[in-house]
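Undergrad: Counting in numbering that gives the first Met the number 0, the sequence shown runs from 0 upward without gaps.
This is the structure, below, for whatever I ask next.
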Amino acid sequence: MNVDATAPLRVLVVDGDAGARADVVALLAGSDELEVVAESADGPGAVELAERLRPDIVLLDARAARDGHAGPLSRAARVFVLAAPHEEGAVAGALRAGACGHLVPGAFTVRDLIRRVREAARLGLGLSAREAEVMDLIASGRSNGEIARQLFLSEKTVKNHVNRIYAKLGVSSRATAIGHWRGLMGVLPAREGPESIDSH
Numbered sequence: 000m001n002v003d004a005t006a007p008l009r010v011l012v013v014d015g016d017a018g019a020r021a022d023v024v025a026l027l028a029g030s031d032e033l034e035v036v037a038e039s040a041d042g043p044g045a046v047e048l049a050e051r052l053r054p055d056i057v058l059l060d061a062r063a064a065r066d067g068h069a070g071p072l073s074r075a076a077r078v079f080v081l082a083a084p085h086e087e088g089a090v091a092g093a094l095r096a097g098a099c100g101h102l103v104p105g106a107f108t109v110r111d112l113i114r115r116v117r118e119a120a121r122l123g124l125g126l127s128a129r130e131a132e133v134m135d136l137i138a139s140g141r142s143n144g145e146i147a148r149q150l151f152l153s154e155k156t157v158k159n160h161v162n163r164i165y166a167k168l169g170v171s172s173r174a175t176a177i178g179h180w181r182g183l184m185g186v187l188p189a190r191e192g193p194e195s196i197d198s199h
């Protein structure tokens with residue numbers, strides 16, 4: 000997994016349909032935050048590539064998911080199944096095997112994928128949505144007082160959130176927490192859309 004906060008997240012695209020695979024690769028090619036490092040037409044080839052390249056994300060087609068490749072791939076990366084709405088059986092099996100979620104081919108954007116990766120990272124750490132929000136602000140350099148004003152919380156509440164975050168991340172300092180969070184999140188932006196900054 001990528002631990003360099005300035006590098007794009009590395010993606011392996013797996014799809015037996017060459018045209019569909021090319022569409023996904025083309026979609027991701029326009030992003031500075033994601034980099035396709037390999038492609039595979041089938042599950043066995045994908046498992047071999049994932050073991051060798053250690054991508055951050057694997058986009059896996061429904062056929063490879065049905066064939067049982069989500070489990071082995073999820074040990075090397077965060078796996079998202081590319082499946083049409085009628086292929087819920089493949090998605091359910093992949094989720095039980097360790098996949099993080101699914102996306103509908105042709106109907107998701109780079110931003111959608113990034114949002115899902117962030118959510119998977121948050122859940123993987125056991126952070127609540129509010130704790131993830133606080134950690135994003137910590138990573139952007141906000142003090143507890145600034146976080147309290149921005150989120151309309153008391154400083155004591157923010158401090159409690161910070162203490163729980165440290166415990167869940169297994170760290171004891173702000174700097175270590177920020178380094179850990181940025182490593183897990185890669186270059187993903189802290190927020191969607193404009194961020195309101197309290198100037199007081």
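Glycine residues also receive a C-beta, built at the ideal position from the N, C-alpha and C atoms.
On a predicted model such as this, the values are computed, not experimentally measured, just so you know.
From G100, P71, A25 and S30, pick the residue whose C-alpha is nearest to that of L81; which is it?
TA: Here residue 81 is taken as the residue at index 82 of the sequence shown, counted from 1. Nearest option by C-alpha distance: G100.
Undergrad: Only counting runs of 3 or more residues, tell me where the beta strand (DSSP E) segments fall wholly within the region 102-160, in order along the chain.
TA: none
Undergrad: For F79, does the count of other Cβ atoms within 10 angstroms reach 16, so buried, or fall short, so exposed?
TA: In the sequence shown, residue 79 corresponds to position 80, counting from 1. Burial call: buried.
Undergrad: Would DSSP call E34 helix, strand or coil?
TA: One-based indexing of the sequence shown puts residue 34 at position 35. Strand at E34.
Undergrad: Helix or strand or just coil, what does DSSP make of R181?
TA: On the sequence shown, position 182 is the one that residue 181 refers to. Three-state result, R181: helix.
Undergrad: Using the rule of at least 16 other Cβ atoms within 10 Å of the residue's Cβ for burial, across every protein chain shown, is H179 buried or exposed?
TA: For this step, residue 179 is matched to residue 180 along the sequence shown. Buried, because 16 or more other Cβ atoms sit within 10 Å of the Cβ of H179.
Undergrad: Note down, in chain order, each residue of its chain lying with its Cβ closer than 8 Å to the Cβ of V10, except the 5 sequence neighbours on either side.
TA: What you label residue 10 is simply residue 11 of the sequence shown in a count that begins at 1. Excluding residues within five positions, the ones whose Cβ falls inside 8 Å are L27, L33, E34, V35, V36, P54, D55, I56, V57 and L58.
Undergrad: Compute the Euclidean distance between the alpha carbons of L136 and R115, then round it to the nearest angstrom.
TA: As a working mapping, residue 136 is identified with position 137 in the sequence shown. As a working mapping, residue 115 is identified with position 116 in the sequence shown. If I take the Cα positions, the gap works out to 19 Å.
Undergrad: Roughly how many angstroms lie between the CA atoms of S195 and G105, to the nearest whole one?
TA: Numbered from 1 along the sequence shown, position 196 holds the residue referred to as residue 195. Numbered from 1 along the sequence shown, position 106 holds the residue referred to as residue 105. Low confidence applies to S195: its pLDDT is 33, below 50, so where it sits in the model is not reliable enough to give any reading.
Undergrad: Considering Cα atoms alone, identify which of F107, G70, A69 and A61 is closest to E86.
TA: As a first step, residue 86 must be located in the sequence shown, where it is residue number 87. Out of F107, G70, A69 and A61, A61 has the C-alpha closest to the C-alpha of E86.
Undergrad: In chain order, what residues of the same chain have a beta carbon less than 7 Å from the beta carbon of Y165, not counting five sequence neighbours either side?
TA: Position 166 of the sequence shown, counting from 1, holds the residue named residue 165. Taken in chain order, the residues that qualify are S171 and A176.
Undergrad: In terms of residue numbering, what span does the beta strand (DSSP E) encompassing V57 cover?
TA: Counting from one through the sequence shown, the residue named residue 57 turns up at place 58. Where V57 is concerned, the enclosing beta strand (DSSP E) starts and stops at I56 to D60.
Undergrad: At what residues does the alpha helix (DSSP H) containing V24 begin and finish?
TA: Residue mapping note: residue 24 aligns to position 25 of the sequence shown, counting from 1. V24 -> alpha helix (DSSP H) spans A17 to A28.
Undergrad: Going by beta-carbon coordinates alone, are E118 and H160 separated by less than 8 Å?
TA: Taking the sequence shown and counting its residues from 1, the one referred to as residue 118 is at position 119. Taking the sequence shown and counting its residues from 1, the one referred to as residue 160 is at position 161. Contact: no.
Undergrad: Using only CA atoms, which one of L48, V109 and R173 lies nearest to P7?
TA: Translated into the one-based positions of the sequence shown, residue 7 becomes position 8. P7 has its Cα closest to that of V109, out of L48, V109 and R173.
Undergrad: Identify whether G100 lies in helix, strand or coil by the three-state DSSP scheme.
TA: Along the sequence shown, one-based indexing puts residue 100 at 101. It is a strand residue.
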